[in-house]
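A.B. asks: So that we are looking at the same thing, I have put the structure below in structure tokens.
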Amino acid sequence: MGTGQARGETRFIGDLMGSYVLASRALQPEGLTRLACRARSISVREATITAPVVGSVGEALTVAFQPLGILRGEILRRLDSGFIMSFDVDPTERETLEARIQWLKRKALRAVHERREHKRVIPRETRSRLVIGAGQFVECFIMDMSRSGAAVSADFKPPVGTLIGVGSVPGRVVRHFDCGFGVQFVELQELEHLEGLLTLKTGEHKQLAAEKLGFSNS
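For the sequence shown, our numbering assigns the number 279 to the initial residue and increments by one for each residue that follows.
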């Protein structure tokens, strides 16, 4: 099946947070089975998804988006930031999905965009690295962020209280949830600069977190 949009096909283009389970990881005894993801574009046939762990082409998976419910399908194509998946839905399920996508589009048109202090927002760039020790980095996915903290999904879950760096911003793990964990920053951050600090937009950011956390830069 191709990845082109059919003429007249209902499609929502925007950010939609959810979670997913890859068939290859469903039975693994260690690590998170369910990980956070974000749909950047979704139709009744397929979705373009940003995710921290990318499966193989043809691999089965299940995704869940609160407004759309649980969807099953397979990976059509791998991307640098995630993958494109196709949905395995029957005609009745497709009609239901189309109605829900139409509702999402209407809701987006009515949305009023505002950023209040400490309000949690979704960064444009979501992939980053966690600093967990001297020269130790783990790829991660930033679910949302605020001046005081961030919600993160990664292929491990550090204990509550762990000192950790999200990109170049130091903080502590304060809670666990189904597909990740929350980090409270050591200091309040300026929201307009926060995305760059979290996602290591420059080379200088790559060692800045280790310095702030007191790890060796060797």
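A virtual CB, placed ideally from N, CA and C, is assigned to each residue, including glycine.
Could you spell out the range, first to last residue, of the alpha helix (DSSP H) harbouring G449?
C.D. replies: No alpha helix (DSSP H) contains G449, which is instead part of the beta strand (DSSP E) from V447 to F455.
A.B. asks: From this set, G439, L387, P436 and F459, which residue's C-alpha is nearest D422's C-alpha?
C.D. replies: Residue nearest to D422 within the set G439, L387, P436 and F459 is F459 (criterion: CA-CA distance).
A.B. asks: Relative to the C-alpha of V444, which residue among P436, I353, V430 and R453 is closest?
C.D. replies: V430
A.B. asks: Please name the residue in G351, L469 and A304 whose C-alpha comes closest to that of V335.
C.D. replies: G351
A.B. asks: Please state whether DSSP places S302 in a helix, a strand or coil.
C.D. replies: Residue state, collapsed to three classes: helix.
A.B. asks: Please classify R528 as buried or exposed, where buried requires at least 16 neighbouring CB atoms within 10 angstroms.
C.D. replies: Since the first residue of the chain shown is 279 and the last is 496, residue 528 is not available in this structure.
A.B. asks: Going by C-alpha distance, which of I362, S424, R312 and P345 is nearest E376?
C.D. replies: Check the Cα spacing between E376 and each of I362, S424, R312 and P345: the tightest is with P345.
A.B. asks: Rounding to the nearest angstrom, what Cα-Cα distance links I348 and I400 in this structure?
C.D. replies: A direct Cα-Cα distance of roughly 22 Å separates I348 from I400.
A.B. asks: Could you check how far apart the C-beta atoms of G296 and A342 are, in whole angstroms? I think they sit under 8 Å.
C.D. replies: Indeed, because the Cβ distance is near 5 Å, the residues count as touching under 8 Å.
A.B. asks: DSSP has F290 in a bridge; who is on the other side?
C.D. replies: I320
A.B. asks: Go through its chain and collect everything with a Cβ distance to A317's Cβ below 6 Å, but skip five positions before and after it.
C.D. replies: L294, A325 and I327, listed in sequence order.
A.B. asks: Any idea what DSSP makes of E470, helix, strand or coil?
C.D. replies: Secondary structure of E470 (DSSP, three-state): helix.
A.B. asks: In terms of DSSP beta bridges, what is L478 paired with?
C.D. replies: Note: L478 sits in no beta bridge, so no partner.
A.B. asks: Could you please give the first and the last residue of the uninterrupted beta strand (DSSP E) stretch that includes D433?
C.D. replies: Boundaries for D433: no beta strand (DSSP E) harbours it, and the DSSP string shows neither H nor E there.
A.B. asks: Taking the runs of the beta strand (DSSP E) that are 3 residues or longer, which of them lie wholly in the segment 346-408?
C.D. replies: 347-357 and 360-365
A.B. asks: State yes or no: is the C-beta of E371 within less than 8 Å of the C-beta of S321?
C.D. replies: no
A.B. asks: Compare the Cα-Cα distances from L339 to each of D433, P330, R303 and E465 and report the closest residue.
C.D. replies: Checking every option, the nearest Cα to that of L339 belongs to R303.
A.B. asks: Helix, strand or coil for A329, going by three-state DSSP, please let me know.
C.D. replies: coil
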